[in-house]
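Novice: The structure under discussion is supplied below as structure tokens; questions concerning it will follow.
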Amino acid sequence: MGRRVPLRSLSFALALSLAVSAVVLVVYDAHGARLTLTIVAPVAILTVLAGEVIAARRPGGLRGQFIAVTVLGMVALGAVVALFVNLMFVSSHDALMTILLVVFAAALVFWIARPIGLRALADLDREERMRRELFAAVSHDLRTPLTALRLLATAIDDEVVEDAKRREYAARMNTHVRALGALIDDLFDLTRLEAKDIAWTMERVRMDELVSDAVEAMQPSADAGSVAVRAELRPPLHPSQGNHEQLQRVLFNLIQNAIHHTPPDGSVTVRAEGVKGGVEVEVADTGSGIAADQRERVFEPFYRVDASRTAPGAGLGLAISRAIVEAHGGQIWLEEAEVGTRVRFRLPVSI
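The numbers in the numbering used here rise by one with no breaks, and the one at position 139 of the sequence shown is 139.
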């Protein structure tokens with residue numbers, strides 16, 4: 001599929017160039033037709049191929065729209081340059097040639113706008129699907145603790161229930177209230193992160209200390225699940241410019257997620273190493289792993305690889321982690337792993 005699309009674009013560019021040259025041959029002469037083909041063919045080929053590349057790699061959102069509009073403007077400019085070159089050497093500003101080359105430019109713009117438009121429609125469909133899934137997930141995660149709270153409140157109100165049981169039910173209610181509060185806080189944080197509504201204090205963060213402190217803090221959780229957790233630091237590790245609290249939150253999310261999905265006697269390893277222009281941190285576990293076709297979706301809000309998993313949380317940890325890493329100018333992804341799951345993120349170094 002990846003080769004067929006450029007071939008189709010190349011065929012269109014050549015066919016369009018030959019059509020324009022054929023009209024010049026009929027109306028003018030062979031010399032004019034050859035000159036026209038020499039000028040318009042390279043313009044057409046480069047334009048449609050560039051359009052295919054931009055459509056395939058264009059980022060989403062306003063940035064993607066800006067890139068698409070910029071490319072269209074560049075194409076139009078290139079077509080206008082080709083138009084005036086032809087008018088100068090072939091037809092001495094003949095009106096028919098002007099119309100012909102305007103049609104040529106319009107056809108090029110339409111051709112490269114088509115895949116960009118299809119990509120935009122696909123993005124809209126994906127966003128709509130994610131919105132529906134998000135609504136369903138939020139409804140489910142809110143309904144579960146609310147139902148439990150309603151039942152517990154009814155039980156406490158029962159005069160037959162003993163005081164000891166009432167205290168137990170009250171403690172359970174407090175647990176569900178905290179879970180609801182955590183879910184609402186996570187939703188609020190994710191909304192602000194996606195809207196770029198952040199006001200963090202940025203500082204030089206030592207990644208070796210950040211990783212070591214995070215592993216030490218998560219040790220009790222790992223011990224409770226009989227999971228070994230350790231840090232592997234590969235110097236030199238240059239400091240990164242960021243917010244210490246938010247980057248620590250990313251590590252806590254990733255390590256906690258790895259511990260939850262690692263069986264007893266398994267292990268979680270947090271590695272940090274310097275790379276060109278940045279620092280990469282990896283959290284690797286020995287759990288069941290994630291299929292290749294699900295690796296990107298795990299960063300979507302509320303998405304769970306296995307709906308039957310009973311791990312705590314609403315499934316927002318990875319989505320929030322990605323938003324935080326990207327807000328720091330970094331990237332986060334899943335690496336291929338023979339055993340378990342490897343989540344890796346990269347941050348630029350502090351200048």
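Note that CB positions come from ideal geometry on N, CA and C, so glycine has one too.
From V283, M202 and A148, pick the residue whose C-alpha is nearest to that of Q246; which is it?
Specialist: The option with the nearest alpha carbon to Q246 is M202.
Novice: Considering just the uninterrupted stretch of the alpha helix (DSSP H) at E209, what are its terminal residues?
Specialist: Run containing E209: M207 to A217, per the alpha helix (DSSP H) assignment.
Novice: Does DSSP put I198 in a helix, in a strand, or in coil?
Specialist: Note: I198 maps to coil in three-state DSSP.
Novice: Fully enclosed by the region 243-306, which beta strand (DSSP E) runs are 3 residues long or longer?
Specialist: 267-275 and 278-285, all fully within the region 243-306.
Novice: From M173 to D157, what does the alpha carbon distance come to, in whole angstroms?
Specialist: Taking the straight line from one Cα to the other gives about 13 Å.
Novice: Taking all protein chains shown into account, do 16 or more other C-beta atoms lie within 10 angstroms of the C-beta of S9, making it buried, or fewer, making it exposed?
Specialist: Classification for S9: buried.
Novice: Can you give me the start and stop residues for the alpha helix (DSSP H) that A319 sits inside?
Specialist: G317 to A327 is the span of the alpha helix (DSSP H), which, as asked, contains A319.
Novice: Check S11 in the structure and name its three-state DSSP category.
Specialist: The answer is helix: DSSP assigns S11 an H, G or I state.
Novice: Drop a sphere of 10 angstroms on the beta-carbon of E335, count the other beta-carbons inside from all chains shown, and report buried for 16 or more, exposed for fewer.
Specialist: Exposed.
Novice: Report yes or no: do the region 335-349 and the region 275-286 share at least 3 C-beta pairs separated by less than 8 Å?
Specialist: In short, these stretches touch, since the Cβ pair count reaches three.
Novice: For V205, tell me which candidate among S350, A15 and V53 has the shortest Cα-Cα distance.
Specialist: Looking at the Cα atoms, S350 is the closest of the given residues.
Novice: In terms of residues, what are the limits of the beta strand (DSSP E) holding L347?
Specialist: Where L347 is concerned, the enclosing beta strand (DSSP E) stretches over R342 to P348.
Novice: Helix, strand or coil for E336 per DSSP?
Specialist: If DSSP states are grouped into helix, strand and coil, E336 belongs with coil.
Novice: Let me check one thing: in DSSP terms, what residues is S240 bridge-paired to?
Specialist: Beta-bridge pairing links S240 to V205 and V349.
Novice: Between the region 147-167 and the region 187-201, do three or more beta carbon pairs fall short of 8 Å?
Specialist: Judged by Cβ distances under 8 Å, the region 147-167 makes no contact with the region 187-201, as fewer than three pairs qualify.
Novice: On the DSSP bridge assignment, give the partners of L233 in chain order.
Specialist: For L233, which the question treats as bridged, DSSP gives the partners A272.
Novice: Beta-carbon separation of S407 and M218 under 8 Å?
Specialist: Within the shown structure, residues of the chain are numbered from 1 to 351, placing residue 407 beyond reach of any answer.
Novice: Applying the criterion that 16 or more other CB atoms from any shown protein chain within 10 Å of the CB defines a buried residue, is I259 buried or exposed?
Specialist: By the neighbour-count rule (16 or more Cβ atoms within 10 Å), I259 is buried.
Novice: Out of V75, H31 and A179, state which residue places its alpha-carbon closest to the alpha-carbon of L46.
Specialist: Checked all of V75, H31 and A179; the closest Cα to L46 is V75.
Novice: Bridge partners of A228, per DSSP?
Specialist: Beta-bridge pairing links A228 to S267.
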